[in-house]
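Under my numbering, think of the first position of the sequence shown as 15, with each following residue one higher.
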Amino acid sequence: MKFNFEFNYTIDIQDCKLNTVLAAYNEMKTDLLNIFTQKVIEEFANEYMTHRIKPFACEQCGNNENFIWKTRHGRLTKIITILQPVFLRQLQVECKECGHKFYITRSLLGLEKRKRMSKDTIKRFGLIGALTTYRVAEKIIKMFGIAIDKMTIWRSVQKIGSEIEFNIDPDEEGRGEADGTGIPIRGIKKRGQEMKVFVQHKKGGGVRVAGLSIGKYDGGWDKLFAPLIENVKKFPKFLLVTDGDTSILKSIADKVDIIFQRCLWHIPHQMKYYLWKDKIKRKSGHWYHILGELLSICNIKSIQDENRDEIIEKIICSKEKQLEKIIEYCESNSMKSSASYLKNAKPDLFSGIRNKLNGKTTSHAERVMRTINYRINAGQWSPAGALNLNKIRLAYYYNGFDVE
Ligand SMILES: [Zn+2]
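Next comes the structure, spelled out in structure tokens:
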């Protein structure tokens, strides 16, 4: 549609410094966008009213042909756009079939009923909130002239995040890793919950995220694996590297080869949680002793030698003896949770290295964990809040989620 648009503006400006000019322009463009948007929807609405079939229908009876104007200057409504908030006089029609009166402004703009923001705007706020802290996001957006509060960004993150779902892509590699990282939960001391991630290897190298869940440390693996079962079945064989509980995959056990691998990097880290459960004070003698020993047991990557394969088995044996001593130490000091955690971990602790899979398999998942931690470390979370935010974050970094 082609139409003429005139915009008349009187300005009172004190000087011609660039900052003054920009400030005046900013004020003028607020008016301009309001008036311009109002004009465009009115032009189109007038045109549509001459058509037999309208691009909107009566909310009561479904009629989409017979309407009369009620008003083109109805109640003021606010719409938040990425340029600035826009204030519009609502357009209202009356249905000639049933007499129902309703506003058509949002419908003409392509917005959902009663919504203040378009899907695209919510997506932008959601992405920026997932990439940086809510405070910084608010600051950056404000610096570019849009006054938006942290809550709006937070809500956008929840909305967009809750709509993202991950799954295995049948067209990529039949190979993946599952891993977890601690999340600081509001009201719970330390890292109260674990975020579990499933990454799938891509044909061209690299990984994509195929599953994400949050829950307790020792449970919740079923929540991660359950949605993936159908797509795992599409592969003749799927190789899964994990230290998680895979019992939910039993029904398709012939389809999955599971390499049960404790991630050495996580052992001392997770141990802090079990020490806390056993009421061992942080930075106490027990605490330093156990973590110090574990750090030395788990540090094996630095071994570089031309006879690595030969010597590695002997080193592992000595490390296993060292671990045995720590387990005894925990038991004799009534640290039940810590002892049982280490006992469970022991048989698989070095399986990855023995299989020469170490490094190669854990590096992908660890990178994804770092992506989570950069943002998650800057806050305290509710489980759902942490989950929604990281869905956007990981979708952006690994699965091609983006805005124009
Ligand atoms: Zn009607």
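All C-beta atoms, glycine included, are put in the ideal place defined by N, C-alpha and C.
Item to complete: State yes or no: is the C-beta of E56 nearer than 7 Å to some heavy atom of ligand 1?
Response: Against the sequence shown, residue 56 aligns to sequence position 42. Because no heavy atom of ligand 1 lies under 7 Å away, the Cβ of E56 does not count as near it: no.
Worksheet item: What residues in its chain sit with their C-beta under 8 Å from that of K494, if we drop five residues either side in the sequence?
Response: With the chain represented from 15 up to 418, any question about residue 494 goes unanswered, as that position is not in the structure.
Worksheet item: Name the DSSP bridge partner or partners of R103?
Response: On the sequence shown, position 89 is the one that residue 103 refers to. DSSP, once it has assigned bridges, lists L90 as partnering R103.
Fill in: First through last residue of the alpha helix (DSSP H) which encompasses R128
One-based indexing of the sequence shown puts residue 128 at position 114. It is not in any alpha helix (DSSP H) - R128 carries neither H nor E in the DSSP assignment.
Discussion item. For K374 and R130, I'd like the C-alpha separation in whole angstroms.
Written reply: Sequence index remark: in the sequence shown, residue 374 carries index 360 (1-based). Sequence index remark: in the sequence shown, residue 130 carries index 116 (1-based). Confidence is the limiting factor: at K374 the pLDDT is only 47, short of 50, which leaves the residue's position unreliable and the question unanswerable from this model.
Worksheet item: Measuring CA to CA, which of V107, K291 and K248 is closest to E187?
Response: Reading the sequence shown from its first residue, position 173 is the one you call residue 187. The closest CA to that of E187, considering only V107, K291 and K248, is found on K248.
Fill in: Bridge-paired residues (DSSP) for F116
By one-based count along the sequence shown, residue 116 stands at place 102. Answer by DSSP bridge pairing, in chain order: V107.
Worksheet item: If you compare alpha carbons, which of R296, I266, S298 and L278 is closest to E311?
Response: Locating residue 311 in the sequence shown gives position 297, counting from the first residue. Residue identity differs from the one stated: residue 311 is Ile in this sequence, not Glu. Nearest of R296, I266, S298 and L278 to I311, Cα basis: L278.
Discussion item. As a quick exercise: from F239, L408 and F17, pick the residue whose alpha carbon is nearest that of T257.
Written reply: Against the sequence shown, residue 257 aligns to sequence position 243. One detail in the question is off: residue 257 reads as Asp in this sequence, not Thr. Ranking F239, L408 and F17 by Cα distance to D257 puts F239 first.
Practice prompt. Return the residue from the list H378, W235 and K333 that minimises the CA-CA distance to P361.
Written response: Taking the sequence shown and counting its residues from 1, one reaches residue 361 at position 347. For P361, the nearest C-alpha among the options comes from K333.
Fill in: Check your reading: residues with Cβ closer than 6 Å to ligand 1 heavy atoms
C72, Q74, C75, N77, C109, E111, C112 and H114
Discussion item. Spatial neighbours of K251 within its chain, please: C-beta separation below 7 Å, excluding the five flanking residues on both sides.
Written reply: Taking the sequence shown and counting its residues from 1, one reaches residue 251 at position 237. Closer than 7 Å at Cβ, skipping near neighbours: G188, K269 and D271.
Worksheet item: From what residue to what residue does the alpha helix (DSSP H) around R149 run?
Response: What you label residue 149 is simply residue 135 of the sequence shown in a count that begins at 1. Per DSSP, R149 belongs to the alpha helix (DSSP H) from Y148 to M157.
Worksheet item: Would R149 pass as a contact of K133 if the rule is Cβ separation under 8 Å?
Response: For the purposes of this step, residue 149 is taken as residue 135 along the sequence shown, with counting starting at 1. For the purposes of this step, residue 133 is taken as residue 119 along the sequence shown, with counting starting at 1. No, Cβ-Cβ distance for R149 and K133 is not below 8 Å.
Worksheet item: Taking buried to mean at least 16 other C-beta atoms within 10 Å of its own C-beta, is G399 buried or exposed?
Response: The count along the sequence shown starts at 1 and reaches residue 399 at position 385. Its Cβ being crowded by 16 or more others within 10 Å, G399 is buried.
Fill in: Simplified DSSP state of T260, which is helix, strand or coil
The residue labelled residue 260 in the question sits at position 246 within the sequence shown. Residue state, collapsed to three classes: coil.
Worksheet item: Count the other CB atoms within 10 Å of the CB of V417; is the residue buried (16 or more) or exposed (fewer)?
Response: As a position in the sequence shown, residue 417 is number 403, starting the count at 1. V417 comes out exposed.
Worksheet item: Which whole-angstrom value is the C-beta distance of R222 and N413, which I expect to be below 8 Å?
Response: If you number the sequence shown from 1, residue 222 lands on position 208. If you number the sequence shown from 1, residue 413 lands on position 399. At roughly 5 Å, the Cβ-Cβ gap stays under 8 Å, so R222 and N413 are in contact.
Worksheet entry | According to DSSP, residues forming a beta bridge with M209 | Looking up residue 209 in the sequence shown gives position 195. Bridge partners of M209: T195 and I228.
Discussion item. Starting from I82, trace the beta strand (DSSP E) in both directions and tell me its first and last residue.
Written reply: As a working mapping, residue 82 is identified with position 68 in the sequence shown. Counting along the chain, the beta strand (DSSP E) containing I82 begins and ends at F81 to T85.
Discussion item. If I follow the unbroken alpha helix (DSSP H) through V417, where does it start and stop?
Written reply: Walking along the sequence shown from the start, residue 417 turns up at place 403. That residue, V417, is in no alpha helix (DSSP H); it is neither H nor E in DSSP.
Worksheet item: Between G220 and the rest of its own chain, which residues show a CB-CB distance below 7 Å, the 5 nearest in sequence each way excluded?
Response: Sequence index remark: in the sequence shown, residue 220 carries index 206 (1-based). Cβ neighbours of G220 beyond the five flanking positions: none.
Worksheet item: Does the region 73 to 91 come close enough to the region 112 to 126 to have 3 or more Cβ pairs within less than 8 Å?
Response: yes
Worksheet item: Apart from the five residues just before and just after Y411, which ones in its own chain have a Cβ nearer than 7 Å to its Cβ?
Response: Locating residue 411 in the sequence shown gives position 397, counting from the first residue. These residues qualify, in order along the chain: T385.
Worksheet item: Going along the chain, which residues of its own chain have a beta-carbon closer than 6 Å to the beta-carbon of G225, five neighbours each way excluded?
Response: Position 211 of the sequence shown, counting from 1, holds the residue named residue 225. Cβ neighbours of G225 beyond the five flanking positions: F180, F212, L238 and L242.
Discussion item. Considering just the uninterrupted stretch of the alpha helix (DSSP H) at A359, what are its terminal residues?
Written reply: Numbered from 1 along the sequence shown, position 345 holds the residue referred to as residue 359. Note, A359: alpha helix (DSSP H), K350 to A359.
Worksheet item: Per DSSP, T270 forms a beta bridge with which residues?
Response: Position 256 of the sequence shown, counted from the start, is the residue given in the question as residue 270. Position check: residue 270 holds Val in this sequence, whereas Thr was assumed. According to DSSP, V270 bridges with F252.
Worksheet entry | When A151, V246, W168 and H65 are compared against G190, the one with the closest alpha-carbon | The sequence position of residue 190 within the sequence shown is 176, counting from 1. Nearest neighbour of G190 by Cα position, chosen from A151, V246, W168 and H65, turns out to be V246.
Worksheet item: If you draw a straight line from the C-alpha of R200 to the C-alpha of S396, how long is it?
Response: Taking the first residue of the sequence shown as position 1, residue 200 is located at position 186. Taking the first residue of the sequence shown as position 1, residue 396 is located at position 382. Near 6 Å, if we compare the C-alpha coordinates of S396 and R200.
Worksheet item: Given a threshold of 16 other Cβ atoms within 10 Å of its Cβ, counted over all protein chains shown, does I94 qualify as buried or as exposed?
Response: Residue 94 sits at position 80 when you count from the first residue of the sequence shown. Label assigned to I94: buried.
Worksheet entry | Endpoints, the alpha helix (DSSP H) within which A37 is located | Here the question's residue 37 lines up with position 23 in the sequence shown. Here the alpha helix (DSSP H) through A37 covers L32 to T64.
Fill in: Contact under 8 Å by Cβ, T195 with W235
On the sequence shown, residue 195 is found 181 positions in, with the first residue counted as 1. On the sequence shown, residue 235 is found 221 positions in, with the first residue counted as 1. Not a contact, by the Cβ cut-off of 8 Å.
Item to complete: Select from K328, I142, L305 and K153 the residue whose C-alpha is nearest the C-alpha of R407.
Response: On the sequence shown, residue 407 is found 393 positions in, with the first residue counted as 1. R407 has its Cα closest to that of I142, out of K328, I142, L305 and K153.
Discussion item. Could you compute how far the alpha carbon of L254 sits from the alpha carbon of E380?
Written reply: For the purposes of this step, residue 254 is taken as the residue at position 240 of the sequence shown. For the purposes of this step, residue 380 is taken as the residue at position 366 of the sequence shown. Looking at the two C-alpha atoms, the distance is approximately 15 Å.
Worksheet item: Given K127, which residues of its chain have a CB within under 7 Å of its CB, disregarding the five upstream and five downstream residues?
Response: If you number the sequence shown from 1, residue 127 lands on position 113. Taken in chain order, the residues that qualify are R120.
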